[in-house]
Amino acid sequence: MKILLLGKNGQVGWELQRSLAPLGEVVALDFDSPGPLSADFSRPESLAATVRAIAPQIIVNAAAHTAVDKAESEPDLVRAINATAPGVLAREAAASGAWLMHYSTDYVFDGSGDRPWVEDSPTGPLSVYGRTKLEGEQAIRASGCRHLIFRTSWVYAVRGGNFAKTMLKLAAERDRLTVIDDQIGAPTGADLLADLTAHALRSAQTRPELAGTYHAVASGETSWHGYARHVIGVARAAGRPVKVAEHAIEPVPTSAFPTPARRPHNSRLDTRKLQHTFGLSLPPWQAGVDRLLAEVLT
Ligand SMILES: NC(=O)c1ccc[n+]([C@@H]2O[C@H](COP(=O)([O-])OP(=O)(O)OC[C@H]3O[C@@H](n4cnc5c(N)ncnc54)[C@H](OP(=O)(O)O)[C@@H]3O)[C@@H](O)[C@H]2O)c1
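Here the sequence shown is numbered in the numbering used here, starting from 2 and rising by one per residue.
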């Protein structure tokens, strides 16, 4: 089986290089990969020739424009990367009979209420990023290709920067921290997503009826404030330098940190469909974050 992995150096793409390896031959590209084959999503039509040249049975798209605030000022580029390019991949997948694996986001919802969103809850993106990710989903569904779309949230990875690393740094430097407590979601490891992807793709090869959209996040929920407290608590218990006292990690509303893009308050995603369909169970968000911290704090 040949698998084309796009966006191989992103948080999820990097972990997919590992998790997809047992499924077959993985051809992994990023937009600056050397050679004649383009994997530049800002030139969507160029992707068609790449898919045809590689002729994969599975296309896994981990590339995206994920800079949510920057996206507000470059909507055309974001639309090309997050919507038009996945549409081209979907068209090629439909023509060749390949599967398309794609990732989307809690930002397709408007964040109202306090109940977890299910897969067919009404969408209402608040930002350019959310709108273009939704358009990408719609283009994939409209193509008729066999696909899996995993909507996820608050992704972190050991590689590169992340919220936990930022909190560890600030906690060592400052005696007071303010962290948003009115956005609720589930921090989700790129490693978990990559493992879920491999399991789901393997099942789907023999059961095409499993195609569709699924919510894929770690279990449980927290706010950014709860996430920060957890991270700093683990660091303190591990004897790491922590200047900020626990009571000095202050909860603040989103309005305390004005940003160009609006973010949903309620990012809870109901994952029962994924768990039941694929026979998978999702670990509590703390398990993945503790594993991240075990690596970061050594
Ligand atoms: N991160 C989150 O919190 C989050 C939450 C919900 C859903 N998601 C979704 O999960 C998926 C994976 O996200 P991630 O966290 O792994 O994102 P990421 O770390 O930002 O990775 C995205 C990858 O896409 C690449 N890319 C950017 N512009 C490109 C272009 N023009 N052509 C080709 N590749 C390009 C990036 O390269 P550079 O790094 O060099 O720009 C990067 O390697 C995405 O679909 C994202 O929308 C992420």
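Even for Gly, the Cβ is constructed at its ideal location relative to N, Cα and C.
Report yes if the C-beta of residue i is less than 7 Å from at least one heavy atom of ligand 1; otherwise report no.
i	result
residue 66	yes
residue 299	no
residue 12	yes
residue 271	no
residue 106	yes
residue 1	The first residue shown for the chain is 2 and the last is 299, placing residue 1 beyond what the model contains.
residue 63	yes
residue 245	no
residue 219	no
residue 155	yes
residue 240	no
residue 1	No information on residue 1 is available, as it lies outside the stretch 2 to 299 that the chain covers here.
residue 162	no
residue 32	yes
residue 8	yes
residue 141	no
residue 82	yes
residue 191	yes
Assuming residue i and residue j form a contact by the criterion Cβ under 8 Å, report the distance between their Cβ atoms to the nearest whole angstrom.
i	j	result
residue 108	residue 265	6 Å
residue 91	residue 148	7 Å
residue 87	residue 137	4 Å
residue 267	residue 115	6 Å
residue 30	residue 9	6 Å
residue 4	residue 61	6 Å
residue 239	residue 298	5 Å
residue 269	residue 118	7 Å
Mind checking if residue i is an interface residue toward chain C, Cβ cutoff 8 Å exclusive?
i	result
residue 292	Checking the listed chains, one finds no chain C in this structure; it contains a single protein chain.
Any contact of the region 138 to 153 with the region 210 to 219, i.e. 3+ C-beta pairs under 8 Å?
Three or more Cβ pairs closer than 8 Å define a contact, and the region 138 to 153 meets that threshold against the region 210 to 219.
Hey, which unbroken runs of the beta strand (DSSP E) at 3 residues or more fall wholly within the region 15 to 59?
List check, beta strand (DSSP E) in window: 26 to 30.
State whether the region 9 to 29 contacts the region 194 to 214, with contact taken as three or more CB pairs (one from each stretch) at a distance under 8 Å.
Taking 8 Å as the limit for Cβ pairs, the verdict is that the region 194 to 214 does touch the region 9 to 29.
Would you list, in sequence order, the uninterrupted beta strand (DSSP E) runs of no fewer than 3 residues that lie entirely inside the region 132 to 200?
Counting only runs of 3 or more residues that sit fully inside the region 132 to 200, the beta strand (DSSP E) segments are 147 to 153, 178 to 181, in chain order.
In chain order, each beta strand (DSSP E) run of at least 3 residues that lies wholly inside the region 198 to 230:
For the region 198 to 230, the full-length beta strand (DSSP E) segments reaching 3 residues or more read 213 to 216 along the chain.
Answer yes if the region 39 to 48 comes into contact with the region 77 to 94, meaning at least three C-beta pairs across the two stretches below 8 Å, and no otherwise.
Between the region 77 to 94 and the region 39 to 48 there are three or more inter-stretch CB-CB distances shorter than 8 Å, so the stretches are counted as touching.
Are the region 159 to 178 and the region 267 to 285 in contact at 8 Å, needing three or more beta carbon pairs?
At 8 Å Cβ cutoff, the stretches do not touch.
Three-pair Cβ contact test at 8 Å for the region 124 to 135 versus the region 220 to 232:
The region 124 to 135 makes no contact with the region 220 to 232: fewer than 3 CB pairs, one atom from each, lie closer than 8 Å.
What runs of the alpha helix (DSSP H), each 4 residues or longer, lie entirely inside the region 57 to 115?
With a minimum length of 4 residues, the continuous alpha helix (DSSP H) runs that stay inside the region 57 to 115 are 69 to 72, 76 to 80, 86 to 97.
Do the region 25 to 33 and the region 168 to 180 make contact, defined as three or more Cβ pairs closer than 8 Å?
Taking 8 Å as the limit for Cβ pairs, the verdict is that the region 168 to 180 does not touch the region 25 to 33.
Any contact between the region 232 to 252 and the region 50 to 66? By contact I mean 3 or more CB pairs, one from each, below 8 Å.
Contact between the region 232 to 252 and the region 50 to 66 is absent, because fewer than three Cβ pairs lie under 8 Å.
Does the structure place the region 250 to 266 close enough to the region 202 to 217 that three or more beta carbon pairs sit under 8 Å?
Three or more Cβ pairs closer than 8 Å define a contact, and the region 202 to 217 falls short of that threshold against the region 250 to 266.
Starting from the N-terminal side, write out each stretch of the beta strand (DSSP E) that is 3 residues or longer and does not extend beyond the region 229 to 256.
Qualifying beta strand (DSSP E) stretches, in chain order: 250 to 253.
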